[in-house]
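Residues 4 to 564 in my numbering are what the sequence shown spells out, letter by letter.
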Amino acid sequence: ATLKNLTLNGKAGAIVVPPGTYGNFTANSGSGFVLGVAGATVPAVYNFQNLTLNGNSTFAVVGPVVVTIDEGFSTNSSMGASAHPEWFNLRIADGGLSVNGNATVYANLEAPDGTLTLNGNTRLVGAVATNRLTVNGNSLLQLVAPTTPNPNQSPAVALTSPADGTSYAAPTAIALAATATDSDGTVAKVEFFSEATNLGEDTTAPYELTWTPPASGIHVLTAKATDNAGAVTTSAPVTVTVADNGVPFLANFEPVEGYQLGSLNGQRGWNVLGTAEVVTAPVYFGQQAVSVAPGTPPALLTRTFVNADPGITFIDLFVQPAAGATPAAGVLFETDATRVALTGTAPAGILQAFNGDGVGGGTWSSTGKGPVLDADGRTTGWLRLTTRSDYATKKWDLYFNGQMIAADLGFVNSSSAAFTGLDLSGHSTLTTGFDDLLVAFDNPIFTDADHDGMDDAWETVHGLNATLNDRNGDLDQDGLTNIQEYVLGADPSNADSDGDGIPDKVEALAGTDPTTNDASADLDHDGVSNLIEYQQGRSLTKGAVPDSTGVINLRVFQPDR
Numbered sequence: 004a005t006l007k008n009l010t011l012n013g014k015a016g017a018i019v020v021p022p023g024t025y026g027n028f029t030a031n032s033g034s035g036f037v038l039g040v041a042g043a044t045v046p047a048v049y050n051f052q053n054l055t056l057n058g059n060s061t062f063a064v065v066g067p068v069v070v071t072i073d074e075g076f077s078t079n080s081s082m083g084a085s086a087h088p089e090w091f092n093l094r095i096a097d098g099g100l101s102v103n104g105n106a107t108v109y110a111n112l113e114a115p116d117g118t119l120t121l122n123g124n125t126r127l128v129g130a131v132a133t134n135r136l137t138v139n140g141n142s143l144l145q146l147v148a149p150t151t152p153n154p155n156q157s158p159a160v161a162l163t164s165p166a167d168g169t170s171y172a173a174p175t176a177i178a179l180a181a182t183a184t185d186s187d188g189t190v191a192k193v194e195f196f197s198e199a200t201n202l203g204e205d206t207t208a209p210y211e212l213t214w215t216p217p218a219s220g221i222h223v224l225t226a227k228a229t230d231n232a233g234a235v236t237t238s239a240p241v242t243v244t245v246a247d248n249g250v251p252f253l254a255n256f257e258p259v260e261g262y263q264l265g266s267l268n269g270q271r272g273w274n275v276l277g278t279a280e281v282v283t284a285p286v287y288f289g290q291q292a293v294s295v296a297p298g299t300p301p302a303l304l305t306r307t308f309v310n311a312d313p314g315i316t317f318i319d320l321f322v323q324p325a326a327g328a329t330p331a332a333g334v335l336f337e338t339d340a341t342r343v344a345l346t347g348t349a350p351a352g353i354l355q356a357f358n359g360d361g362v363g364g365g366t367w368s369s370t371g372k373g374p375v376l377d378a379d380g381r382t383t384g385w386l387r388l389t390t391r392s393d394y395a396t397k398k399w400d401l402y403f404n405g406q407m408i409a410a411d412l413g414f415v416n417s418s419s420a421a422f423t424g425l426d427l428s429g430h431s432t433l434t435t436g437f438d439d440l441l442v443a444f445d446n447p448i449f450t451d452a453d454h455d456g457m458d459d460a461w462e463t464v465h466g467l468n469a470t471l472n473d474r475n476g477d478l479d480q481d482g483l484t485n486i487q488e489y490v491l492g493a494d495p496s497n498a499d500s501d502g503d504g505i506p507d508k509v510e511a512l513a514g515t516d517p518t519t520n521d522a523s524a525d526l527d528h529d530g531v532s533n534l535i536e537y538q539q540g541r542s543l544t545k546g547a548v549p550d551s552t553g554v555i556n557l558r559v560f561q562p563d564r
């Protein structure tokens with residue numbers, strides 16, 4: 004509700020009037036008004052249409068005020084504060100002021116169109132600016148040199164938490180804290196901002212707020228303090244980085260993503276044991292990459308993720324590694340499901356894939372594929388490694404430079420319901436480089452609408468359904484699944500892809516190439532061709548067979564005898 008007119012009858016006491024605009028205010032004997040804000044340095048502003056003070060009424064001010072009255076008036080009551088005439092700035096818009104009886108007015112009076120009349124034993128202590136002045140009887144005008152009140156001092160404020168440059172992994176709740184003081188008053192509130200967005204406020208010390216960033220990225224935080232007189236001070240800015248821990252996730256380690264040159268530890272959710280730095284060379288993509296210094300044990304770069312899909316997740320990254328003497332010494336990266344290593348010596352390295360048992364153990368499996376190594380055991384260029392992890396079937400696949408080289412490997416940990424984190428490993432004696440990391444639900448290598456790990460174009464050419472996960476099917480009924488034939492490069496619609504008379508599965512088990520006609524070859528060097536051994540129903544790999552006398556039978560199949 005809004006109060007316009009007020010009349011206080013006898014003995015009503017004094018009431019506090021808040022700053023504002025009012026109509027007619029009247030105080031009778033034993034009542035009165037109190038204006039202003041104690042301790043304030045900025046005047047409180049009042050507007051009255053008319054003011055009447057009768058008998059022993061009071062008009063007190065407890066802090067600086069500016070009072071404007073539309074019409075002239077007379078008072079039989081004292082007005083203002085005796086110790087601070089400068090607090091009461093009285094402005095009469097039209098008319099003058101008549102002071103009667105024994106009243107004293109402590110004020111700076113402005114009545115440009117009126118008359119100040121002092122009657123009887125009255126006084127005005129302060130300053131006067133009026134059209135006419137009349138002093139009667141024993142009245143007294145006591146001029147006090149106008150004083151310029153000390154200007155309000157702005158509050159001081161500092162944002163003490165978080166520290167500038169801190170990185171967080173989303174989702175996260177960030178504790179904001181600030182200190183604020185005011186030398187000539189009090190702190191009314193401290194507001195916290197992210198750029199221009201008001202995050203909230205605290206009106207009492209300690210000034211604190213918990214904020215959950217709505218989005219990842221770089222955020223500039225400030226604290227803004229307001230004192231009791233309305234002065235405002237903004238703190239020095241603090242910059243924090245909130246890294247998205249969801250999937251899809253892309254890290255090219257570029258400045259536009261918030262990565263800075265120097266230690267990777269703490270940047271955008273990365274934790275490093277050892278030494279890993281964002282550098283400008285060597286890089287695979289853009290301007291920056293990560294260089295991992297050698298160490299014992301090798302450095303470990305860890306990043307956690309949330310909200311991953313419980314189905315299929317792809318990891319795609321470029322690495323410039325060095326080979327280890329053993330798979331354990333040559334681990335490049337691993338997750339709760341996968342583990343990939345590089346072994347070998349110059350000139351050829353071999354990629355190793357870990358076939359897990361689901362409970363943390365398993366065996367390393369050579370893929371037979373790998374990069375060229377230099378004399379130091381380093382790769383001569385960047386490798387592209389991609390994994391496909393199926394959290395429903397607990398199986399994973401490995402691609403090397405866009406080609407699948409291993410399929411249906413067991414998870415290291417089958418209890419994992421979804422992708423939760425990634426570890427990148429350095430080398431004990433040589434530098435390792437990482438760049439262009441992607442974690443996604445879609446195949447990053449080629450179009451794979453059904454997410455079965457096989458190229459849709461390849462599926463279409465060979466009569467498979469590109470919209471249905473048919474990797475475990477066997478279109479040609481040769482005993483090899485479609486995904487096995489995809490890894491081998493065979494034709495899933497033809498049981499004998501190379502037409503050499505030996506079924507693809509037999510060749511796969513024997514270790515021969517089902518895409519190359521090797522019917523006349525002799526895999527086990529027993530003098531009998533692969534085709535004849537297959538036709539005889541014998542193994543292509545067991546070699547010559549001794550008879551009961553111990554003599555080696557070099558011809559176990561002689562169709563002409």
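Just so you know, even glycine gets a beta-carbon here, dropped at the ideal spot from N, CA and C.
If I follow the unbroken alpha helix (DSSP H) through residue i, where does it start and stop?
i	result
residue 262	No alpha helix (DSSP H) holds residue 262; DSSP gives it neither H nor E.
residue 535	533-539
Taking the Cβ atom as the reference point for each residue, do residue i and residue j lie within a distance shorter than 9 Å?
i	j	result
residue 391	residue 475	no
residue 42	residue 231	yes
residue 64	residue 108	no
residue 343	residue 356	yes
residue 442	residue 293	no
residue 327	residue 303	no
residue 114	residue 127	no
residue 15	residue 33	yes
residue 526	residue 515	yes
residue 349	residue 371	no
residue 314	residue 400	no
residue 529	residue 508	no
residue 305	residue 318	no
residue 193	residue 183	yes
residue 418	residue 361	yes
residue 308	residue 320	no
residue 169	residue 180	no
Considering just the uninterrupted stretch of the beta strand (DSSP E) at residue i, what are its terminal residues?
i	result
residue 461	It is not in any beta strand (DSSP E) - residue 461 instead sits in the alpha helix (DSSP H) that spans 459-464.
residue 61	61-64
residue 337	334-337
residue 358	351-359
residue 117	107-121
residue 134	126-138
residue 16	16-19
residue 383	Unbroken run through residue 383: none, as it is neither H nor E.
residue 9	9-11
residue 247	Per DSSP, residue 247 belongs to no beta strand (DSSP E) and is neither H nor E.
residue 36	34-38
In the DSSP output, what is residue i paired with across the bridge?
i	result
residue 76	100
residue 398	393, 413
residue 306	425
residue 53	27
residue 271	The partner list for residue 271 (beta bridge, DSSP) is empty, contrary to what the question assumes.
residue 367	357
residue 469	In the DSSP output, where bridge partners are listed per residue, residue 469 has none listed.
residue 92	69, 111
residue 252	442
residue 148	None, per the DSSP bridge assignment.
residue 376	382
residue 321	387, 438
residue 403	388, 406
residue 316	392
residue 344	334, 355
If residue i sits next to residue j, beta carbons under 8 Å apart, how far is it from one beta carbon to the other, in whole angstroms?
i	j	result
residue 247	residue 173	5 Å
residue 574	residue 425	No information on residue 574 is available, as it lies outside the stretch 4 to 564 that the chain covers here.
residue 266	residue 280	6 Å
residue 224	residue 243	6 Å
residue 50	residue 24	4 Å
residue 534	residue 503	7 Å
residue 483	residue 511	6 Å
Runs of beta strand (DSSP E) wholly within the stretch 475-513 (minimum 3 residues, chain order) = none
Identify every run of the beta strand (DSSP E) within the stretch 150-237, keeping only runs that are complete inside it and at least 3 residues long; order them along the chain.
-> 159-164, 170-172, 177-184, 190-197, 200-205, 210-214, 220-230, 235-237
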